[in-house]
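The letter at position 167 of the sequence shown is residue 166 when you use numbering that gives the first Met the number 0, and the numbering goes up by one with no holes.
C-beta: ideal position from N, C-alpha, C; glycine also.
Just so you know, these numbers come straight off a predicted model, no measurement behind them.
Remarks on the structure that follows.
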Amino acid sequence: MSERDREAKAARGAVLAVRAADRTGILVKGTERTSWLNGLVTCDLAKLGSADGAYGLIVEKKGRIQTDFFAVPGREAAGTKDVLALGVPRDMRDAIIETLDHYLVMEDAELEAADLDFWHLHGPRAKDVPSGLGAPYAGTLDLLGLGGAVVAAPAAEAEAFGERIAALVADAGGAIADDAAWDAVRIERGVPRFGVEVDGTLYPQEASLEKLAVSFDKGCYLGQEVIYMLENRGHVKRKLVPLDVEGDTPLGKGDSVTTPEGAVVGDVKSSVVAPSSGKPVAIAMLKWAQCKPGTELRVGDRVVRVRA
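Written out as structure tokens, the structure reads:
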């Protein structure tokens, strides 16, 4: 069994652990931390239980994505006060704090930059790892539809934290994966990634993140009106979709996607050989009319189909 096969098996049958090296932390403190932040993000933080995590977006007033994040509950290292730990892109943390702080007026909430070591856990046994780990920040969070969790600890403890995760994952029959393996699994599952397929030009619906990262019944938040209108009174003109690809090798990033008649209708954003099937798959940005599941298209002389 190859390493990629073992990782795919772990994600589906046990647990696959991936260090989120591109992420660092923001701690949100104070008695009004959840209600205040909930008015600025797309997910519904108010519905989270004490062991739940969340995946959401921060969008600008016109609804376009500024960044994604995941939030997990925890406690301050020096005390017993509850906090929310946000996992955000490392190179955007200062800008995110500045954006959020602009909307902090009289609320009992505080933002603090925190160097944290984040890990994604994927698979049906992922939820078992946090209980044995004793992580200061942890929550269940299913990003791939396989079961999942996110855990974090101070970056100063990263080496020991990683060793404890590796031991627990091994006991569960799982595997540790690198960033390339994580990309292979998520692309196969059709889940886009901020900074790869997703950028600040997109609405959540264009990024196909509306089901994973957006609540449509939580009430008002920054950018909510535009996102609601797109969902309920129209549709976007383009959308990221997963493709099944005929042949044996991945497609090239930026390759044009055409109709069988040759009209260009989009382009390939990412492509890999799927670890579970050994067949190439891709994520592509397509015009709305071609996004229907089962639609047959072309990339060069190769047949591709929008996944059902």
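| Asked | Found |
| --- | --- |
| Contact check, Val235 vs Glu196, beta carbons under 8 Å | no |
| Neighbourhood of Ala50 by C-beta distance below 8 Å, restricted to the same chain and skipping five residues each side | Pro72, Pro129, Ala137, Gly138, Thr139 |
| Member of Arg5, Leu132, Val14 whose CA lies at the smallest distance from the CA of Gly146 | Val14 |
| Contact test: Ala16 Cβ vs the ligand PLP heavy atom, cutoff 7 Å | Although the ligand PLP was asked about, the structure shown includes no ligands whatsoever. |
| Nearest-angstrom Cα separation, counted from Ala283 out to Thr294 | 13 Å |
| Any 3 or more C-beta pairs closer than 8 Å across the region 161–172 and the region 29–36 | no |
| The region 257–264 touching the region 206–216, judged by at least three CB pairs closer than 8 Å | no |
| Given Asp67 as reference, the closest of Arg89, Asp81, Lys46 once Cα atoms are compared | Arg89 |
| Assumed close pair Asp266, Asp254 - CB separation to whole angstroms, cut-off 8 Å | 7 Å |
| Where the alpha helix (DSSP H) containing Asp182 begins and where it ends | 178–187 |
| Supposed close pair Cys42, Gly24 - CB separation, criterion 8 Å | In fact, because the Cβ distance is near 17 Å, the residues do not count as touching under 8 Å. |
| Cβ neighbours of Arg163 in the same chain (closer than 7 Å, five flanking residues each side left out) | Leu132 |
| DSSP beta-bridge partners of Val263 | Thr257 |
| Buried or exposed by the 16-neighbour rule on C-beta atoms within 10 Å, applied to Trp118 | buried |
| Glu224 burial status per 10 Å Cβ neighbour count (16 or more: buried) | exposed |
| Arg89 - partner residues in DSSP beta bridges | Bridge partners of Arg89: none, in fact. |
| Segments assigned alpha helix (DSSP H), at least 4 residues, entirely inside the region 199–282 | 209–212, 223–231 |
| DSSP-derived helix/strand/coil call for Thr66 | strand |
| Distance, Gly161 Cα to Met228 Cα | 44 Å |
| Proximity of Ala16 and Ile175 at Cβ, strictly below 8 Å | yes |
| Unbroken alpha helix (DSSP H) run spanning Asp170, endpoints | 157–170 |
| Nearest candidate by alpha-carbon position, reference Asn231, set Val272, Asp216, Trp35 | Asp216 |
| Cβ-Cβ distance between Leu26 and Ala108 below 8 Å | no |
| Touch test, the region 89–107 against the region 0–11, Cβ-Cβ under 8 Å, three pairs minimum | no |
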